[in-house]
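Chemist:
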Amino acid sequence: MKKKSWSDVGKYFANLTGKKKMLKRQRSKARRQSEDFKGFEKTTGAWDLD
Numbered sequence: 042m043k044k045k046s047w048s049d050v051g052k053y054f055a056n057l058t059g060k061k062k063m064l065k066r067q068r069s070k071a072r073r074q075s076e077d078f079k080g081f082e083k084t085t086g087a088w089d090l091d
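So for the sequence shown, this note's numbering puts the first residue at 42; every next one is plus one.
#1: Going straight from the alpha carbon of Arg66 to that of Arg73, what length do you get?
#2: How many angstroms separate the CA atom of Met63 from the CA atom of Ala71?
#3: Pick out the complete alpha helix (DSSP H) segments inside the stretch 43 to 70, 4 residues or longer, and give them in chain order.
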């Protein structure tokens with residue numbers, strides 16, 4: 042197994058936190074949209090990301 046350099050580790054964690062931020066952003070966007078489309082949200086269930 043190749044020894045990981047610290048930059049690789051840093052990239053890996055940056056990637057993880059980036060993904061988490063993306064998820065949070067999508068979730069808050071979905072929440073805003075569901076406030077606009079209360080009925081629509083119920084019929085599709087598309088915003089249940091949790």
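By construction, the Cβ of each residue, glycine as well, lies at the ideal position given by its N, Cα and C atoms.
Modeler: Inspection of the coordinates gives the following:
#1: 11 Å
#2: 12 Å
#3: none
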